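Protein chains in written order, with this note's numbering: chain A, 101 to 411; chain B, -1 to 99; chain C, 76 to 169; chain D, 83 to 186. Data block below; observations after.
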Amino acid sequence: MTWALDATLCAMILAVALATVLGRGVFRAIVFFVVYGLLLALAWVRLDAVDVALAEAAIGAGLTGVLFLAAFGRLARSGADAEPPPGRVNIAAALASAALTGALVWAWVALPLPGRPGPELAEALPRAGVENPVTAVLLNFRAWDTLLESVVLLAALVGLWMLARDEAWTEPLGLPQHVRPGGVMASFGRILPPVGVLVGAYVVYVGADRPGGAFQGGTVLAAVGIVAALAGLVRPPRVTRRAWRAALVAGPAVFLAAGLGGAALGAGFLTLPERIAGSAIFAIEIALALSIAVTLAFLVIGPPETGLEDQ
Amino acid sequence: MSGVTLYALTGAALVGTGFFGLIAARHLLRRVLAFNLIGSGLFVYLGAAGARGGEADPVPQALIITGIVVALSASALAVGLIVALARARGRAMLPEEDVGG
Amino acid sequence: MTDLATHVFTGLGVLFFLAGSVGFLRFPDIFSRLHALTKADNLGLGFIALGVAFQAGSWRQVALLALIWALVLLAAGTVSQLVARHALRERDGR
Amino acid sequence: MTVWLTFMAMGVLVSLAGALVRVWRGPGRADRMTGAQLAGTSGVAVLMLLAPIEGWATLDVAAILALFGALAAVGFVKALSADGGGDPEEEDGDPVPLAGDRND
Chain A
101 MTWALDATLC AMILAVALAT VLGRGVFRAI VFFVVYGLLL ALAWVRLDAV
151 DVALAEAAIG AGLTGVLFLA AFGRLARSGA DAEPPPGRVN IAAALASAAL
201 TGALVWAWVA LPLPGRPGPE LAEALPRAGV ENPVTAVLLN FRAWDTLLES
251 VVLLAALVGL WMLARDEAWT EPLGLPQHVR PGGVMASFGR ILPPVGVLVG
301 AYVVYVGADR PGGAFQGGTV LAAVGIVAAL AGLVRPPRVT RRAWRAALVA
351 GPAVFLAAGL GGAALGAGFL TLPERIAGSA IFAIEIALAL SIAVTLAFLV
401 IGPPETGLED Q
Chain B
-1 MSGVTLYALT GAALVGTGFF GLIAARHLLR RVLAFNLIGS GLFVYLGAAG
49 ARGGEADPVP QALIITGIVV ALSASALAVG LIVALARARG RAMLPEEDVG
99 G
Chain C
76 MTDLATHVFT GLGVLFFLAG SVGFLRFPDI FSRLHALTKA DNLGLGFIAL
126 GVAFQAGSWR QVALLALIWA LVLLAAGTVS QLVARHALRE RDGR
Chain D
83 MTVWLTFMAM GVLVSLAGAL VRVWRGPGRA DRMTGAQLAG TSGVAVLMLL
133 APIEGWATLD VAAILALFGA LAAVGFVKAL SADGGGDPEE EDGDPVPLAG
183 DRND
């Protein structure tokens, strides 16, 4: 009988996605997309993927909403929030989309059912240094992938910063934020960060043995940073500050150092020998969580602005 | 029909929905949203594939987690480009599509 | 006994959620709709947390349920105040 | 108990589905945003109800949803303040006028 819950959830996810695409107005689409992210977090729990649900919850509930709504506000101040009236129904696009969905459904039905999970993983897991298999895959077995992905985040941030204007370069990141002293928003910004930092650190810390880890905890900490910045508790830093730049590269740097350490010990680059795997992964997790948190927070806040761009 | 198949079909439908939005929408912010729908639809599809046979497979989960984070960073870059375009032109649409409205 | 408590409290909680949604749909303006959000739903969530707490295996889980409810209360209070202010300004601004 | 909790979770989802009608209709942007806030609360409720079934790690996900339940709405009032960084409780500055339909 429990499939009825899955059916309800899937129907709602699909309906919300359709509302995002078909509804008139950009703002409505953004709100439905936020709801969509929340529902996806529930779907990941139903699919037994709590690690994914943690990341989706922090990103879907917190970061995407702020990112797109802030963009909407900026577009509105540039007079670019309006949408042209819908043209004719795009039949070719609808047919192509239906074909794409059909192909994926066909692939699902046609694909043979593999033995799950692969026996290689179960054999290798005791040597990984951590008990959470997702963390073992991320930071040990597929370390190359994860290392390069942490560099991709950095590349995205560099790309975003290249959009800053020359006269804004020495300004703090994002728009200047101000709140009524002692007001509701200011109080919220004071109460939430301590709890949030605690939750984020906890999620990073338990990642070795239970659902959690650098990516999940890093996204939580990034969202906490956004709360603190929006509520005026902290001022966003300037691009030129060295300490913050160091925080951005700490994760990839420690990851790379651990990889070189593995090579020095004769196990090969990015292959963690069993006796140092546990402590190496712990060090990587902490540094990577810091870098992911700072990078994502900076990406959402946006490039440095003077606050006069829209006038 | 098992629950996992249901999620796989939902993922497939999400990819189609997002693909339609990507082509049909003209406002660029909506295109980024649609692109995210495609991405997350594929994540759901992949996650469902990993959950077949009862136990959830950690390998797709690890891929999806990094994928979600990278998708957010790509969205942030795209949003930055759109805002820069809108400030330069006063419109958030591609020039060749900017007719009417 | 504990199962009965779970049944009663979670059932009550879901009823409050349904009532909140009906109010959210039927109330005439944003200010009264915000009541549906802050009153009915948060009371409903409290009952659900209470009901689920009877299934908990440790005090840590009960404490986490209580923390989550407190966080939702904080969020709802903040949001309703700020959104109401925003709506008021938007209405009076034009 | 599993069946009961599953059906209660379904009940919360159905009530959310009703609330999403308001997100679709609006009419104001504040109405839509309030609907998203309600979706967050409902998500927390569903995760609580699923915790005894799916494992108590589910509560960690609920804690994160609860933690950032207000973030999107705070971002909303900020983004639509006069200069994009304000607070609706401040004395000066009206919300940003929009080029599009005020309800879009």
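Built from N, CA and C at the ideal position, the CB exists for glycine as well. Remember, predicted model here, so these are calculated numbers, not experimental data.
What three-state label does DSSP hand residue i in the structure shown?
i, result
"Leu140(A)", "helix"
"Pro337(A)", "coil"
"Leu263(A)", "coil"
"Leu79(B)", "helix"
"Pro56(B)", "helix"
"Leu247(A)", "helix"
"Gly300(A)", "helix"
"Gly88(C)", "helix"
"Val209(A)", "helix"
"Pro272(A)", "strand"
"His25(B)", "coil"
"Glu171(D)", "coil"
"Leu365(A)", "coil"
"Met91(B)", "coil"
"Asp78(C)", "helix"
"Leu370(A)", "coil"
"Gly282(A)", "coil"
"Arg85(B)", "helix"
"Arg160(C)", "helix"
"Ser287(A)", "helix"
"Gly99(B)", "Confidence at Gly99(B) is low in this model, with a pLDDT of 43, below 50, so its placement is unreliable and no value can be given for it."
Taking the alpha-carbon positions, what's the residue i to residue j distance?
i, j, result
"Asp183(D)", "Asp245(A)", "With a pLDDT of only 48 at Asp183(D), under 50, the local geometry of the prediction cannot be trusted, and the value read off the model is given with reservation. Whole-angstrom Cα-Cα distance: 45 Å."
"Ser379(A)", "Phe89(D)", "44 Å"
"Leu79(B)", "Leu87(C)", "49 Å"
"Ala101(D)", "Val89(C)", "14 Å"
"Leu153(D)", "Val154(C)", "9 Å"
"Gly39(B)", "Val13(B)", "5 Å"
"Glu267(A)", "Leu330(A)", "23 Å"
"Val339(A)", "Val81(B)", "19 Å"
"Arg87(B)", "Ala164(D)", "21 Å"
"Gly37(B)", "Phe132(A)", "16 Å"
"Ala111(C)", "Val94(D)", "15 Å"
"Thr84(D)", "Gly137(D)", "12 Å"
"Leu26(B)", "Gly283(A)", "36 Å"
"Glu94(B)", "Ala60(B)", "40 Å"
"Asp181(A)", "Arg85(B)", "12 Å"
"Leu163(C)", "Ser287(A)", "21 Å"
"Ala347(A)", "Val394(A)", "7 Å"
Keeping to the same chain, check which residues put their C-beta closer than 8 Å to that of residue i; ignore five residues upstream and five downstream.
i, result
"His278(A)", "Gly332"
"Pro58(B)", "Leu44, Gly45, Ala47 and Gly48"
"Asp106(A)", "Arg146"
"Ala158(A)", "Gln316, Thr319, Val320, Ala322 and Ala323"
"Arg29(B)", "Gly19, Leu20 and Ala23"
Note down, in chain order, every chain E residue with its Cβ under 7 Å from the Cβ of residue i.
i, result
"Val284(A)", "Protein chains A, B, C and D are contained in the structure displayed, whereas chain E is not."
Quick one: what's got a C-beta closer than 7 Å to residue i's C-beta in the same chain, skipping five residues either side?
i, result
"Trp144(C)", "Leu120, Gly121 and Ala124"
"Ala155(A)", "Phe315, Gln316 and Thr319"
"Leu225(A)", "Pro233 and Ala236"
"Phe17(B)", "Ile36"
Start and end of the alpha helix (DSSP H) containing residue i?
i, result
"Gln316(A)", "Ala314 to Leu330"
"Ile113(A)", "Trp103 to Leu122"
"Phe102(C)", "Looking at the DSSP string, Phe102(C) is not in any alpha helix (DSSP H), and its letter there is neither H nor E."
"Asn117(C)", "Asn117 to Ala128"
"Glu156(A)", "Val150 to Glu156"
"Arg107(D)", "Thr84 to Arg107"
"Ala182(A)", "No alpha helix (DSSP H) holds Ala182(A); DSSP gives it neither H nor E."
"Pro404(A)", "That residue, Pro404(A), is in no alpha helix (DSSP H); it is neither H nor E in DSSP."
"Glu231(A)", "First-last for Glu231(A): undefined, no H or E at that position."
"Asp113(D)", "Arg111 to Glu136"
"Arg177(A)", "Thr164 to Arg177"
"Gly151(D)", "Element bounds for Gly151(D): n/a, residue is neither H nor E."
Which whole-angstrom value is the C-beta distance of residue i and residue j, which I expect to be below 8 Å?
i, j, result
"Val189(A)", "Ile146(D)", "Going by Cβ atoms, the distance from Val189(A) to Ile146(D) rounds to 40 Å, so no, they are not a contact pair."
"Ala161(A)", "Gly137(A)", "7 Å"
"Val159(D)", "His82(C)", "Actually they are not in contact, since the Cβ atoms of Val159(D) and His82(C) sit about 40 Å apart, beyond 8 Å."
"Leu399(A)", "Ala256(A)", "6 Å"
"Thr114(A)", "Ala11(B)", "Note that residue 114(A) is Leu in the sequence shown, not Thr. So it is a contact: roughly 6 Å between Cβ atoms."
Go through its chain and collect everything with a Cβ distance to residue i's Cβ below 6 Å, but skip five positions before and after it.
i, result
"Leu118(C)", "Phe91"
"Val135(A)", "Val116"
"Arg190(D)", "The shown model of chain D, from 83 to 186, leaves out residue 190(D), and the question about it has no answer."
"Ser96(C)", "none"
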